[in-house]
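Q: I am attaching a structure below and will ask some questions about it afterwards.
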Amino acid sequence: MMRSLLWAETYKLFKQERTWYAVVAIFIIEVIVLIGAYYQGSNIIDILLDNLKESFYFEGELLNGNLLIYLILNSMWFNFPLILMIVISGLLTTEYKDNTLQAILLQPVSKRKLIQAKYIIATLFTVAMVLFLCVSAFALSYLFFGFGDLVVYLDELNFFTHQEARNRLISAFIAGMFPMVFYSLSSLTIAVFLKDTLKTWIVSVLFLIISNVLLKFDFKVSVLNRFFFAKLNDTWQYFFLYEIPHLKIWVNCLVLSLYIAALSFIGIRTFIKNDIG
Amino acid sequence: MIIEGIDLSKSYGKTTALKGASLRCERGKVYGILGVNGAGKTTLFKILLGLLTPDTGKVIYDQSHVKPLGGIIEKPAFYDYLSAGENLKLFARIQGAASSEGHLDGLLEQVGLPVTRKDPVRNFSMGMKQRLGIAIALLNDPGALILDEPFSGLDPRGIKELTVLVRKLAVEKGLAVLISSHMVEQIQQVSDELYVINDGEIIKSGKTAQLIEESIRSYRICAPHLEISALLKSYQHEFRSEDCAEVVVSSQEIGKLVEGLAGERIFIHSCIPNIDINLLFERRV
């Protein structure tokens, strides 16, 4: 039955216009970043790095594909998870709104397996969307802006050769899957509690904003500063520190996975416990 | 016995929606649940279908079916961006029912839907949606079908067609069909047995014809020259138009009155019972 439910969830997801709007929206964001960079980017970079250019030798143009991929990667702060949260919460809220959830549960279908299938598909869809963002960012950026060294300001200015930059960007996209899955499943869990589409969107956006605010917040408690969920959502940025803190990245991803598991557990349990209709 | 609900109760906070309701359904019969809006019909159906957990009581099903009950609650629901065939396929696959094109087309034909329609169901009329809802409910061969207010939003032709379909499913497929409505006329036409529910309690049950008869206090009789009848004068009556009168007469006496009028060479062209709703919803002593 689980296979059939996974098939059904995937089928519904890709038959809905909302999903394709999301894919197009992500593509548009990338194109806007590229167009913006094309018309304004080189001037800004020239101003910023004018002094450095006198002291260092840079391979290729500074406004190159790697910098553009890095800029697109930064959509993982807000734009990208926001789109994901809208699509993923719709896996449940539209079913509540259209009463199809009730129609499904009138069939001999396990409530537990149904919601588990939604959580699995939400995770797989999020991973697929991060891969789409990654592949399209690399393809478009290299196609229109070519290769070159990457300059990133993260506490300090860091310079990476083209090959190193490419590897770090790929790793960052992979690490970025964890917070993206976390945000997606958060919205699905919020949908379990709120059921209503608009309320779920508002609370999800609020959750995303608060998470970003709390990232910079000093809790004065070292455990919270280290392992509170909001503090783990920038792990993908660590790949642009001069020395990559591999252990810290692994631990962060592991702890974030535990948060994801806890969120899923709460959502699934609540869904099973609640009456439908 | 296909389905039995015993002493079912349900409250929402301080509001009691259902108070100790019991019912029993047999194969091949249509059971009507008659009640005003808010009487507890939908709560009862949701409990029978397992969507709500009752506070007290239990539901017993015929366990020989993979899917003991199929049903529609309030209004048929499906994925409006999919076609009828796609909806049917999706619902069939998630429950492991036969989902071959031939089988699903057969099901669409059984409920009177064209298999050639490939457009999204959002374009369908309410009547067609009810039919598709029934087709989905029939997947996996349930022993009983529960239809909550299926006549709502249908035009007279749709009501007639749905009545015929429901009767056919009970008689030809041997299904037990439970159908709720607040419309006496529709429930009278479709059901064999009737449960009257009021304020969360089942206050009456029995054969539909009998319960309806007990609630008739008058008839609207129409005949040319009805006003000259001497017999009519012995009954309390009131003329509504030149040839039609509202006559206070019980269902036991109507036959005698009609015969008497014929004896006076007054030939009736219509005789319509007026069901006293208050009497129908009155608890039996």
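Sequence lines, in order, name chains A and B. If you count the first sequence from 1, position 273 lands on 273 in our numbering, and the numbers rise without skipping. Adding 1000 to a residue's 1-based position in the second sequence gives its number in our numbering. Backbone N, C-alpha and C define an ideal beta-carbon position, used for all residues, glycine too.
1) What is the residue span of the beta strand (DSSP E) that Asp1105 (chain B) lies within?
2) Contact between the segment 244-260 of chain A and the segment 1033-1050 of chain B is defined here as three or more beta-carbon pairs at a separation below 8 Å; is this criterion met?
3) In the DSSP assignment, what are the bridge partners of Thr1015 (chain B)?
4) Pick from B:Ile1254, B:Pro1114, B:Glu1253 and B:Ser1218: whose alpha carbon is nearest that of Glu1238 (chain B)?
5) Hey, how far is the Cα of Leu67 (chain A) from the Cα of Leu1132 (chain B)?
6) Looking at chain B, which residues of the segment 84-111 of chain A have a Cβ within less than 7 Å of any of its Cβ atoms?
7) Is there contact between the segment 1104-1112 of chain B and the segment 1004-1020 of chain B, where contact requires at least three CB pairs shorter than 8 Å?
8) For Phe1078 (chain B), decide whether its Cβ has a neighbour in chain A, counting only Cβ atoms nearer than 8 Å.
9) Ile272 (chain A) versus chain B: which residues are under 9 Å apart at the beta carbon?
10) Among residues of its own chain, excluding the 5 on either side of Leu1090 (chain B), which ones have a beta-carbon nearer than 8 Å to its beta-carbon?
11) Per DSSP, what are the beta-bridge partners of Glu1004 (chain B) in this structure?
12) Using beta carbons (cut-off 8 Å, strictly below), is Ala122 (chain A) in contact with chain B?
13) In chain A, which residues lie with their C-beta within 8 Å of the C-beta of Lys1067 (chain B)?
14) Just checking my contact of Ile1268 (chain B) with Leu1261 (chain B) at CB under 8 Å: how many whole Å lie between their CB atoms?
15) For Tyr96 (chain A), which residues from the same chain have a beta carbon less than 6 Å from its beta carbon, with the 5 sequence-adjacent residues on both sides left out?
16) With distances taken between CB atoms, is the gap from Lys1067 (chain B) to Asn1123 (chain B) smaller than 8 Å?
17) Which whole runs of the alpha helix (DSSP H) in the segment 1079-1152 of chain B are 4 residues long or more, in chain order?
18) Which chain A residues sit within Cβ distance under 7 Å of Arg1093 (chain B)?
19) My guess is that Leu84 (chain A) and Thr123 (chain A) are in contact by the Cβ rule of under 8 Å, so how many angstroms apart are they, rounded?
20) Assign Val1030 (chain B) to one of three DSSP states: helix, strand, or coil.
21) Starting from Ile1073 (chain B), find everything on chain A with Cβ-Cβ shorter than 9 Å and list it in chain order.
22) At a CB distance below 9 Å, what residues from the segment 1188-1216 of chain B approach chain A? Give them in sequence order.
23) Within a Cβ cutoff of 7 Å, which residues of the same chain sit near Ser1215 (chain B), ignoring the five residues on either side of it in sequence?
24) What in chain B is Cβ-close to Lys12 (chain A), meaning under 7 Å?
25) Verify the CB distance criterion: does Leu1090 (chain B) have a CB-CB separation below 8 Å to chain A?
26) Applying a beta-carbon distance threshold of less than 7 Å, which residues of chain B neighbour Gln116 (chain A)?
27) In chain order, what are the residue ranges of uninterrupted alpha helix (DSSP H) at least 4 long that sit wholly in the segment 1153-1179 of chain B?
28) When you compare the segment 144-156 of chain A with the segment 218-233 of chain A, are there three or more beta-carbon pairs, one atom per stretch, that lie closer than 8 Å?
29) Between the beta-carbon of Val1249 (chain B) and the beta-carbon of Val1030 (chain B), is there less than 8 Å?
30) What is the DSSP secondary structure of Ser110 (chain A), counted as helix, strand or coil?
31) Consider the Cβ of Lys15 (chain A): report whether some Cβ of chain B lies at a distance smaller than 8 Å.
32) Could you tell me which residues DSSP puts in a beta bridge with Lys1204 (chain B)?
33) Using a Cβ-Cβ cut-off of 8 Å (strictly less than) and excluding sequence neighbours within five positions of Ser110 (chain A), which residues of its own chain qualify?
34) May I ask you to list the residues that DSSP assigns as paired with Asn1274 (chain B)?
35) Using 8 Å as the limit for Cβ to Cβ distance, is Thr1056 (chain B) near chain A?
A: Based on what the coordinates show:
1) Within the second sequence, the letter at position 105 stands for residue 1105 (chain B). In this chain, Asp1105 (chain B) is not harboured by any beta strand (DSSP E); it is covered by the alpha helix (DSSP H) spanning Glu1101 to Gln1110.
2) no
3) Here residue 1015 (chain B) refers to the residue found at position 15 of the second sequence. The partner list for Thr1015 (chain B) (beta bridge, DSSP) reads B:Tyr1012.
4) For the purposes of this step, residue 1238 (chain B) is taken as residue 238 along the second sequence, with counting starting at 1. Ranking the options by Cα distance to Glu1238 (chain B), first place goes to B:Ser1218.
5) Within the first sequence, numbered from 1, the residue matching residue 67 (chain A) stands at position 67. Within the second sequence, numbered from 1, the residue matching residue 1132 (chain B) stands at position 132. Roughly 54 Å between the two C-alpha positions.
6) Asp98, Asn99, Thr100, Gln102, Ala103, Ile104, Leu105, Leu106, Gln107, Pro108 and Val109
7) Segment contact: the segment 1104-1112 of chain B against the segment 1004-1020 of chain B, fewer than three CB-CB distances shorter than 8 Å; contact not assigned.
8) The count along the second sequence starts at 1 and reaches residue 1078 (chain B) at position 78. With 8 Å as the cut-off, Phe1078 (chain B) counts as an interface residue toward chain A.
9) Stepping through the first sequence from its first residue, residue 272 (chain A) is reached at position 272. The premise fails here: Ile272 (chain A) is roughly 12 Å from chain B at the closest Cβ pair, so nothing lies under 9 Å.
10) As a working mapping, residue 1090 (chain B) is identified with position 90 in the second sequence. In its chain, beyond the 5 residues on either side, Tyr1079 and Leu1082 have a beta carbon closer than 8 Å to the beta carbon of Leu1090 (chain B).
11) Taking the second sequence and counting its residues from 1, the one referred to as residue 1004 (chain B) is at position 4. For Glu1004 (chain B), which the question treats as bridged, DSSP gives the partners B:Arg1024 and B:Ile1060.
12) Stepping through the first sequence from its first residue, residue 122 (chain A) is reached at position 122. No, because no Cβ of chain B sits closer than 8 Å to the Cβ of Ala122 (chain A).
13) Here the question's residue 1067 (chain B) lines up with position 67 in the second sequence. Scanning chain A for C-beta atoms nearer than 8 Å to the C-beta of Lys1067 (chain B) yields Gln107 and Pro108, reported in chain order.
14) Along the second sequence, read from residue 1 onward, the residue named residue 1268 (chain B) stands at position 268. Along the second sequence, read from residue 1 onward, the residue named residue 1261 (chain B) stands at position 261. Contact flag correct, Cβ pair sits at about 6 Å.
15) Position 96 of the first sequence holds residue 96 (chain A). These residues qualify, in order along the chain: Lys195.
16) What you label residue 1067 (chain B) is simply residue 67 of the second sequence in a count that begins at 1. What you label residue 1123 (chain B) is simply residue 123 of the second sequence in a count that begins at 1. In this structure, Asn1123 (chain B) does not lie closer than 8 Å to Lys1067 (chain B) by Cβ.
17) 1084-1094, 1101-1110 and 1126-1138
18) The residue you call residue 1093 (chain B) lines up with position 93 of the second sequence. Correct list: Ser4, Trp7 and Ala8.
19) Taking the first residue of the first sequence as 1, we reach residue 84 (chain A) at position 84. Taking the first residue of the first sequence as 1, we reach residue 123 (chain A) at position 123. About 11 Å; that fails the 8 Å criterion.
20) The residue given as residue 1030 (chain B) occupies position 30 in the second sequence. Three-state DSSP puts Val1030 (chain B) in a strand.
21) Your numbering for residue 1073 (chain B) matches position 73 in the second sequence. Chain A residues near Ile1073 (chain B): Asn99, Gln102, Ala103, Leu106 and Gly277.
22) Residues are counted here when their Cβ sits less than 9 Å from a Cβ of chain A; for the segment 1188-1216 of chain B the count is zero.
23) Against the second sequence, residue 1215 (chain B) aligns to sequence position 215. Around Ser1215 (chain B): Ile1275, Asp1276, Leu1279 and Leu1280.
24) Locating residue 12 (chain A) in the first sequence gives position 12, where the first residue counts as 1. What Lys12 (chain A) touches in chain B: Tyr1079.
25) On the second sequence, residue 1090 (chain B) is found 90 positions in, with the first residue counted as 1. Answer yes: the Cβ-Cβ gap between Leu1090 (chain B) and chain A drops below 8 Å somewhere.
26) Here the question's residue 116 (chain A) lines up with position 116 in the first sequence. In chain order: nothing, as chain B lies at least about 13 Å away.
27) Positions of the alpha helix (DSSP H) runs, each at least 4 residues long and wholly inside the segment 1153-1179 of chain B, are given as 1156-1173 in order along the chain.
28) no
29) As a working mapping, residue 1249 (chain B) is identified with position 249 in the second sequence. As a working mapping, residue 1030 (chain B) is identified with position 30 in the second sequence. No, they are not a contact pair.
30) The residue you call residue 110 (chain A) lines up with position 110 of the first sequence. It is coil, neither helix nor strand.
31) Here residue 15 (chain A) is taken as the residue at index 15 of the first sequence, counted from 1. Output row for Lys15 (chain A): interface = yes.
32) The sequence position of residue 1204 (chain B) within the second sequence is 204, counting from 1. Partner(s): B:Val1196.
33) Along the first sequence, one-based indexing puts residue 110 (chain A) at 110. Met1, listed in sequence order.
34) The residue given as residue 1274 (chain B) occupies position 274 in the second sequence. Paired residues: B:Ser1218.
35) Working through the second sequence from its first residue, we reach residue 1056 (chain B) at position 56. Not flagged as an interface residue toward chain A: Thr1056 (chain B), since no C-beta distance is shorter than 8 Å.
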